[in-house]
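> Respectively, the protein sequence lines represent chains A and B. With our numbering applied, the first sequence covers 7 to 188. With our numbering applied, the second sequence covers 7 to 188. The structure is given below, and queries will be raised subsequently.
Number of protein chains: 2
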Amino acid sequence: MASKQEGRALAIERLTTHVLATGLSQLSLRQLAAAAGISDRMLLYYFHDKTEVIVEVLQHLGGALTGELEAAIPPTPKRSSQAMIAAASAMVRSPDVQPFMRLWIEVIAAAARDQAPYAQIAQQIGAGFLAWIEARLSDDEPDKPATAAMILAMIDGLALLEVCSDGETADIAARRMGREPG
Amino acid sequence: MASKQEGRALAIERLTTHVLATGLSQLSLRQLAAAAGISDRMLLYYFHDKTEVIVEVLQHLGGALTGELEAAIPPTPKRSSQAMIAAASAMVRSPDVQPFMRLWIEVIAAAARDQAPYAQIAQQIGAGFLAWIEARLSDDEPDKPATAAMILAMIDGLALLEVCSDGETADIAARRMGREPG
DNA sequence: GACGCGATGTAGCGCTTGCTACATACGTAA
DNA sequence: TTACGTATGTAGCAAGCGCTACATCGCGTC
């Protein structure tokens with residue numbers, strides 16, 4: 007018999023992968039349990055609630071992403087806004103990051119309807135993104151918070167565009183963003 | 007007894023309002039029927055399917071939006087990319103259009119998971135947006151399709167930002183987009 | 001060996017889901 | 001008046017939902 011903590015941790019680990027792959031829309035307890043390789047009974051033994059499962063999984067996922075982003079675009083050297091737009095828009099459309107962006111869109115869609123607990127999670131992750139961008143902008147940039155917010159909007163928009171158009175259109179938009187002037 | 011066509015049209019009318027207000031997440035037949043003021047039995051008499059209900063409602067909603075957009079930003083005079091960004095980002099965040107953008111995010115989130123029929127609808131509406139933007143760009147603009155795609159990404163991104171941050175951040179980002187250079 | 005306690009299985013509750021079968025009203029045509 | 005087709009109500013199905021009650025298993029302690 008594994009301990010409760012061990013089982014819980016393993017479940018989170020496995021569910022992180024599963025949620026990233028399948029999204030938020032089909033998250034019943036039984037499906038989650040199957041993905042974690044346990045019974046729904048055990049899932050509710052490890053976690054108080056379906057909501058608690060989701061919160062933990064999304065937080066774990068946020069942590070994993072943070073690491074990946076740090077590695078993908080290091081905090082130094084600092085970048086001009088143009089360079090940052092180019093780097094971020096390329097990264098956000100890479101196969102590694104794309105699944106997360108899809109999930110990110112789903113979280114925001116749920117948050118837009120005030121579905122607990124997504125609203126709070128969306129704010130958390132959004133703030134993390136903003137900080138991540140701002141930390142990579144050169145100190146020469148005027149009004150870094152505004153520029154960071156603009157860049158975040160741009161890369162989120164690119165992710166949306168990728169879904170609602172053919173991939174080429176998103177490609178074109180990304181390149182166009184890299185050019186002067188906006 | 008109203009005719010089938012009349013009942014159907016009235017249901018679409020009422021459901022359009024309802025879906026715009028409450029989103030895609032809670033769309034059970036019984037809830038839809040209640041919103042339309044009829045029984046679920048009648049809803050499935052008017053429509054073949056739950057899917058058909060949703061498709062019709064979203065298409066009707068797309069039509070309504072098209073009209074509103076035409077009025078909000080007339081096709082003439084033509085605009086520079088900067089002016090178009092400013093106009094579109096202001097419009098997209100107006101109280102009239104905001105509910106639609108929230109719904110738009112939800113449709114894309116569903117489309118990202120290939121949930122029928124959202125993938126197709128998202129493509130349709132996305133193409134409409136692109137055409138709408140492009141038609142308002144000055145002929146002096148080089149590479150209008152790319153610019154239109156960029157602007158669409160920007161305003162979609164603004165809508166996301168509005169959900170995952172406080173309203174002020176989206177405000178700042180919108181203003182920053184209006185400045186040179188990107 | 002008896003006991004206690006954490007870990008796990010089985011079964012099922014009450015509810016919602018999309019959808020259907022059947023019966024009934026009602027207006028019109030013969 | 002009868003017959004028929006369209007319109008509508010009532011009831012219910014099988015499946016899935018989140019969650020819980022209860023029994024059981026197996027290990028450590030006395």
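The beta carbon of each residue, even a glycine, is placed where N, CA and C say it ideally should be.
Taking beta-carbon pairs under 8 Å, can you tell me which members of the segment 153-176 of chain A lie near chain B?
Answer set for the segment 153-176 of chain A: Thr153, Ala155, Met156, Leu158, Ala159, Met160, Ile161, Asp162, Gly163, Leu164, Leu166, Leu167, Val169, Cys170, Ser171, Thr175 and Ala176.
> Measuring CB to CB, does Glu174 (chain B) end up less than 9 Å from Ala115 (chain A)?
It is not a contact, given that the beta carbons lie outside the stated cut-off.
> For Ser171 (chain A) versus Gln129 (chain B), is the C-beta distance shorter than 9 Å?
Closer than 9 Å, so yes.
> Give the secondary structure of Arg182 (chain A) by DSSP, where H, G and I count as helix, E and B as strand, and everything else as coil.
If DSSP states are grouped into helix, strand and coil, Arg182 (chain A) belongs with the helices.
> Report, in whole angstroms, the separation of the C-beta atoms of Ala39 (chain A) and Ala159 (chain B), which I expect to be a contact under 8 Å.
Not a contact, Cβ separation roughly 38 Å.
> In chain order, which continuous runs of the alpha helix (DSSP H) of length 4 or greater are located wholly inside the segment 75-149 of chain A?
The segment 75-149 of chain A contains these whole alpha helix (DSSP H) runs: 87-98, 104-118 and 124-140.
> To the nearest angstrom, report how far apart His54 (chain A) and His66 (chain A) are at their CA atoms.
The straight-line gap from Cα to Cα measures roughly 17 Å.
> Please confirm if the segment 66-80 of chain B is in contact with the segment 121-136 of chain B, defined as three or more CB-CB distances below 8 Å between the two stretches.
Yes, since at least three Cβ pairs between the segment 66-80 of chain B and the segment 121-136 of chain B fall closer than 8 Å, the two stretches touch.
> Would you say Ile139 (chain B) lies against chain A (beta-carbon separation less than 9 Å)?
Not an interface residue.
> What residue from B:Gly163, B:Asp46 and B:Val63 has the CA that sits closest to Met107 (chain A)'s CA?
Checked all of B:Gly163, B:Asp46 and B:Val63; the closest Cα to Met107 (chain A) is B:Gly163.
> Check for me: the alpha helix (DSSP H) holding Ile18 (chain B) runs from which residue to which?
Here the alpha helix (DSSP H) through Ile18 (chain B) covers Lys10 to Thr28.
> Does any residue of chain A have a CB that is nearer than 9 Å to the CB of Asp46 (chain B)?
So no, Asp46 (chain B) is outside the interface.
> Does DSSP put Gly163 (chain B) in a helix, a strand or coil?
Gly163 (chain B) falls in the helix class under three-state DSSP.
> Within 9 Å (strictly less), CB to CB, does Gln37 (chain A) reach chain B?
Taking Cβ atoms only, chain B never reaches closer than 9 Å to Gln37 (chain A), which makes this a no.
> Can you pull the chain B neighbours of Ser34 (chain A), defined as C-beta to C-beta under 8 Å?
Residues of chain B passing the Cβ test: none, with the nearest at roughly 14 Å.
> Could you tell me the distance, in whole angstroms, from the CA atom of Leu33 (chain B) to the CA atom of Tyr52 (chain B)?
Answer to the nearest angstrom: the Cα atoms are 17 Å apart.
> Among the candidates A:Arg142, A:Ile18 and A:Gln88, whose CA atom is the shortest distance from the CA of Val63 (chain A)?
The option with the nearest alpha carbon to Val63 (chain A) is A:Ile18.
> Using 8 Å as the cut-off, can you tell me whether the segment 139-148 of chain A makes contact with the segment 79-88 of chain A, which would need three or more C-beta pairs spanning the two stretches below that distance?
The segment 139-148 of chain A is in contact with the segment 79-88 of chain A.
> Tell me which residues share the same chain as Ala96 (chain A) and place their Cβ nearer than 8 Å to its Cβ, disregarding the 5 neighbours each side in the sequence.
Once the five neighbours on either side are set aside, the close Cβ partners of Ala96 (chain A) are Ala180.
> According to DSSP, simplified to helix, strand and coil, what is His66 (chain B)?
In the structure shown, His66 (chain B) sits in a helix (DSSP, three-state: H, G or I).
> In chain B, which residues lie less than 9 Å from Arg119 (chain A) when you measure between Cβ atoms?
Correct list: Thr28, Gly29, Leu30, Ser31, Gln32, Arg108 and Glu112.
> Decide if Met183 (chain B) is buried, meaning its Cβ has at least 16 other Cβ atoms within 10 Å, or exposed.
That one is buried.
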